[in-house]
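One structure is given here, and the rest of the page talks about it.
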Amino acid sequence: MTIKNEFINPDTALFEKKFERLSSWATASEEAGVWLKETIEENFPSFGLYFFISDQQSIENSKLNKHRRMLNRKIIKENKFSNFRIISDDYEMEKNGIIFYSLLKVDISRISNVINYCRAERRSFMFLSQNDNLYNFPSKEIIKRREINKYENIDSKSFIDFLVNKKFIPIRVWGEFDDRFLYCEIYGEIGGLYGVSSVKQDDG
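Going by our numbering, the first residue of the sequence shown is number 78, and it counts up by one from there.
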């Protein structure tokens, strides 16, 4: 069964800003990291910044990788994500392979690395939460939702709504390889639960 994927409308974001890619995605991610840190400090001072990261491996590699888990991957070590505070690190078996997923608390000094990673990996994302005890974060529910709709990710309206309804503040970053800009968007309930107004900013 194929489920139509409705993309989120960026105009519904609480905060949004674009950053011109003058030299590299890494440079744009650093600028976005400064803005995101300042925006969080000003508008969400009591919230923590978290990072949900997931990946899938074929069944042929699952026996070995099952014991390595997500945080022992080369890309994780290169970005020093394994230095973040680990809240959970688990996996789910499925008929075509194994899905790894981890929930981490972001080290603000490495925020640009996370932004650059999430820009390219649509099934990994950042979010804000007032609850510092996230051992009940719906990681397994997220994986199950993706089994039903393989297209669901941080670009999906249904997924953004799912996280907001769970009282989280999703952060979406995106920019394709040939795009001129990196976009950073923060979603939530406007003027309601979080008591902030929608703010749009350009790269100036």
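For every residue, glycine included, the Cβ atom is placed at its ideal position computed from N, Cα and C.
Paired residues, beta bridge with glutamine 134 - DSSP: Ile175
Spatially closest choice to asparagine 173 from Pro247, Ser189, Glu224, by CA coordinates: Glu224
Test item: CB-CB of isoleucine 85 and lysine 234 under 7 Å: yes
Sufficient close CB pairs (3 or more, under 8 Å) joining the segment 163 to 181 to the segment 213 to 231: yes
Backbone CA spacing between isoleucine 152 and proline 122 [nearest angstrom]: Spanning the two alpha carbons is a distance of roughly 30 Å.
Whole-number beta carbon distance between glutamine 207 and phenylalanine 128, since they are thought to touch under 8 Å: Actually they do not touch by this definition, with Cβ atoms about 16 Å apart.
Residue nearest to arginine 150 in terms of C-alpha spacing, selected from Ile164, Glu198, Phe177, Arg162: Phe177
Residues bridged to cysteine 195 [DSSP beta-bridge criterion]: Per DSSP, none; premise fails for cysteine 195.
Proximity of leucine 180 and phenylalanine 214 at Cβ, strictly below 7 Å: yes
Euclidean distance between Cα positions of leucine 205 and isoleucine 163: Near 16 Å, if we compare the C-alpha coordinates of isoleucine 163 and leucine 205.
The segment 89 to 99 contacting the segment 152 to 161, beta-carbon criterion three pairs below 8 Å: no
Range of the contiguous beta strand (DSSP E) that encloses valine 250: Element bounds for valine 250: 246 to 251.
Coarse secondary structure for isoleucine 205, derived from DSSP in three states: Inspection of the sequence shows that residue 205 is occupied by leucine rather than by isoleucine. Correct three-state label for leucine 205: strand.
Phenylalanine 254 versus Tyr194, Val241, Asn210, residue with shortest Cα-Cα distance: When each option's Cα is compared against that of phenylalanine 254, the closest is Tyr194.
Selected residue, minimal CA-CA separation from alanine 90, among Asp256, Ile231, Phe258: Ile231
Neighbour-count burial assignment, tyrosine 212, 16 or more Cβ in a 10 Å radius: Looking at its Cβ environment, which holds fewer than 16 other Cβ atoms inside 10 Å, tyrosine 212 is exposed.
Aspartate 88, buried or exposed, once every other Cβ within 10 Å from all chains shown has been counted against 16: exposed
Which residues DSSP lists as bridging tyrosine 212, in chain order: Looking at the DSSP assignment, tyrosine 212 forms no beta bridge with any residue, so it has no partner.
Inter-residue spacing [alpha-carbon to alpha-carbon] between serine 186 and asparagine 82: 34 Å
Three-way DSSP call (helix, strand, coil) for serine 101 in this model: In this structure, DSSP gives serine 101 a state outside helix and strand, which the three-state scheme calls coil.
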